[in-house]
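Mapping of the sequence shown onto the numbering used here: position 222 corresponds to residue 591, and the numbering continues sequentially without gaps.
A short write-up of the structure that comes next.
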Amino acid sequence: CREGGVVEDCVISNNVISGNTMIGAGVAITTPNGRLTRSLVCANGETGQGKANGAVYVQQGGLVDDCLVMSNSTTSGAAITIGSSATVANCTVVGNFRSSGGAGLYYNAEGSAVVENCVFAGNVSGSEPGSFGGYPEWNARLERNTSGAITANAYPSLTNGVKNCVFVQCVPVGEGSFTCEDAKFVDEAAGDYRITLDSPLRFKGLYEDWMASATDIRRDPEFPRSVDGKVDMGCYQGCVPEPGFMLLFR
């Protein structure tokens with residue numbers, strides 16, 4: 370993505386790269402102010418031990434927002450690898466695999482990148498936790514992080530940059546972040562990551578002024594990014610009622 374370029378409302382899938390000269394199996398934002406928004410990034414992968422740095426690679430002030438990143442398989446980077454001064458916001462990162470290290474997010478920045486209002490669920494790592502910068506607390510968190518959600522180049526940098534995210538069935542990281550046993554997706558097995566009325570993700574996001582005139586990943590005015598200043602976690606706004614009966618009386 371060139372400087373100031375925008376990729377929006379796209380499906381980016383089934384791309385495979387190899388070798389050690391390319392970055393981003395699906396999308397790479399390496400120049401200032403590039404943006405990936407309201408897009409699905411799925412089923413992208415790497416072969417070998419290359420330099421791909423995941424399915425989505427963003428740095429230098431780039432922005433990834435309102436995206437569903439799912440079912441990617443990587444080796445050298447996570448589903449999303451974030452570098453200096455970049456932002457990842459309101460994304461749902463689910464069902465990704467990485468052969469070693471955190472499968473959902475690789476935080477490769479010295480505290481200058483921001484990750485917020487994101488959902489990490491069902492991301493699987495093929496390796497055991499290692500030693501990251503000699504920070505025992507971080508290693509302890511990784512050992513309990515059963516879904517292999519994240520890896521960082523240094524634990525303090527990660528806690529400064531990640532905020533208000535949900536880590537399903539694993540230890541939360543960052544200010545305002547939390548964990549839950551069940552995100553209450555509509556149909557996770559079928560890849561439907563909208564949330565239900567009783568989801569713990571409902572109205573737990575941080576509100577920002579730009580959301581007043583924005584939509585969620587569906588780009589439908591019926592699904593604004595916020596409702597009365599309330600924001601859902603992840604890329605979907607609005608919930609789906611549980612199946613049931615409706616009785617009408619006259």
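Just so you know, even glycine gets a beta-carbon here, dropped at the ideal spot from N, CA and C.
### Task
Please classify ASP434: is it buried, with 16 or more other beta-carbons within 10 angstroms of its beta-carbon, or exposed?
For this step, residue 434 is matched to residue 65 along the sequence shown. Flag for ASP434 reads buried.
### Query
Around the Cβ of GLY598, are there at least 16 other Cβ atoms within 10 angstroms (buried) or fewer (exposed)?
Residue numbering aside, residue 598 sits at position 229 when the sequence shown is read from its first letter. By the 10 Å Cβ count, GLY598 comes out exposed.
### Task
Going by CA-CA distance only, name the one from GLY431, GLN428, SER440 and THR406 that's closest to ARG588.
In the sequence shown, residue 588 corresponds to position 219, counting from 1. Among GLY431, GLN428, SER440 and THR406, the Cα nearest to that of ARG588 is on THR406.
### Query
Assuming GLY431 and ALA394 make a contact with CB atoms under 8 Å, what is their CB distance in whole Å?
Looking up residue 431 in the sequence shown gives position 62. Looking up residue 394 in the sequence shown gives position 25. Their Cβ separation, rounded to whole angstroms, is 16 Å, which puts GLY431 and ALA394 out of contact at 8 Å.
#### Entry: With 16 other Cβ atoms within 10 Å as the buried cut-off, status of SER408
On the sequence shown, residue 408 is found 39 positions in, with the first residue counted as 1. Classification for SER408: buried.
### Task
Tell me, to the nearest whole angstrom, how far the beta carbon of MET602 is from that of VAL488; I am working on the premise that it is less than 8 Å.
Here residue 602 is taken as the residue at index 233 of the sequence shown, counted from 1. Here residue 488 is taken as the residue at index 119 of the sequence shown, counted from 1. For a cut-off of 8 Å, the C-beta gap from MET602 to VAL488 is around 5 Å, short enough to register as a contact.
### Query
Over what stretch of residues does the beta strand (DSSP E) that includes MET439 continue unbroken?
Here residue 439 is taken as the residue at index 70 of the sequence shown, counted from 1. Start and end: 437-439.
### Message
Please state whether the Cβ-Cβ distance between ASN477 and THR450 is less than 7 Å.
### Response
The residue given as residue 477 occupies position 108 in the sequence shown. The residue given as residue 450 occupies position 81 in the sequence shown. At a Cβ-Cβ threshold of 7 Å, ASN477 and THR450 count as neighbours.
### Inter-residue Cα distance where the pair is SER469 and ASN492
The residue given as residue 469 occupies position 100 in the sequence shown. The residue given as residue 492 occupies position 123 in the sequence shown. Going by the C-alpha atoms only, they are around 12 Å apart.
### Coarse secondary structure for GLU557, derived from DSSP in three states
In the sequence shown, residue 557 corresponds to position 188, counting from 1. In this structure, GLU557 counts as helix in the three-state DSSP scheme.
### ARG510 - DSSP class collapsed to helix/strand/coil
Within the sequence shown, numbered from 1, the residue matching residue 510 stands at position 141. Confidence is the limiting factor: at ARG510 the pLDDT is only 45, short of 50, which leaves the residue's position unreliable, though a coordinate-based value still follows. Reduced to three states, the DSSP call for ARG510 is helix.
### Query
For GLY548, which option in ILE381, LYS532, VAL555 and ARG563 has the closest C-alpha, if you only look at C-alpha atoms?
One-based indexing of the sequence shown puts residue 548 at position 179. The amino acid occupying residue 548 in the given sequence is Thr; Gly does not appear at that position. When ILE381, LYS532, VAL555 and ARG563 are compared, the shortest CA-CA separation from THR548 is found for LYS532.
### Task
Compute the distance between the beta-carbons of PHE592 and GLY607, then report whether it is under 7 Å.
Counted from its first residue, the sequence shown places residue 592 at position 223. Counted from its first residue, the sequence shown places residue 607 at position 238. With respect to GLY607, PHE592 sits close: the two C-beta atoms are nearer than 7 Å.
### Message
Given a cut-off of 7 Å on the beta-carbon distance, is the pair CYS604 and ASN459 in contact?
### Response
Mapped onto the sequence shown, residue 604 falls at position 235. Mapped onto the sequence shown, residue 459 falls at position 90. When the beta-carbon positions are compared, CYS604 and ASN459 come within less than 7 Å of each other.
### Query
Got a sec, what are the start and stop residues for the beta strand (DSSP E) GLU415 sits in?
To locate residue 415, count along the sequence shown from 1; it is residue 46. DSSP places GLU415 in the uninterrupted beta strand (DSSP E) bounded by 414-416.
### With 16 other Cβ atoms within 10 Å as the buried cut-off, status of PRO541
Position 172 of the sequence shown, counting from 1, holds the residue named residue 541. Within a 10 Å sphere around the beta-carbon of PRO541 sit 16 or more other beta-carbons, which makes this residue buried.
### Residue range of the unbroken beta strand (DSSP E) whose run includes GLU620
As shown, the chain starts at 370 and ends at 619. That puts residue 620 outside it, with no answer to give.
### Task
With a threshold of 6 Å, establish whether the CB of PRO593 neighbours any heavy atom of the ligand SAH.
As far as ligands go, the structure on display features none, and thus does not contain the ligand SAH.
### Query
Would GLU550 be called buried (16 or more neighbouring beta carbons within 10 Å of its own) or exposed?
Translated into the one-based positions of the sequence shown, residue 550 becomes position 181. Exposed is the call here.
### Query
Considering only the beta carbon of each residue, do VAL462 and GLY473 sit closer than 7 Å?
As a first step, residue 462 must be located in the sequence shown, where it is residue number 93. As a first step, residue 473 must be located in the sequence shown, where it is residue number 104. In this structure, GLY473 lies closer than 7 Å to VAL462 by Cβ.
### Query
With 16 other CB atoms within 10 Å as the buried threshold, where does GLY374 fall?
For the purposes of this step, residue 374 is identified with residue 5 of the sequence shown, where counting begins at 1. Exposed is the call here.
### Query
Are GLU415 and ILE386 closer than 7 Å when you measure CB to CB?
Here the question's residue 415 lines up with position 46 in the sequence shown. Here the question's residue 386 lines up with position 17 in the sequence shown. With contacts defined by Cβ atoms closer than 7 Å, GLU415 and ILE386 form a contacting pair.
### Query
Which two residues bound the contiguous beta strand (DSSP E) that contains ARG404?
Position 35 of the sequence shown, counted from the first residue, corresponds to residue 404. Here the beta strand (DSSP E) through ARG404 covers 404-406.
### Query
Going by beta carbon distance, what residues of the same chain come within less than 8 Å of ASP561, once the five residues before and after it are set aside?
As a working mapping, residue 561 is identified with position 192 in the sequence shown. Non-local C-beta neighbours of ASP561 in its own chain, meaning closer than 8 Å and more than five positions away in sequence, comprise PHE554 and VAL555, ordered along the chain.
### Query
Can you tell which of THR399, ARG404 and ALA583 has the C-alpha that lies nearest to the C-alpha of CYS379?
The residue given as residue 379 occupies position 10 in the sequence shown. For the residues THR399, ARG404 and ALA583, the minimum Cα distance to CYS379 belongs to ARG404.
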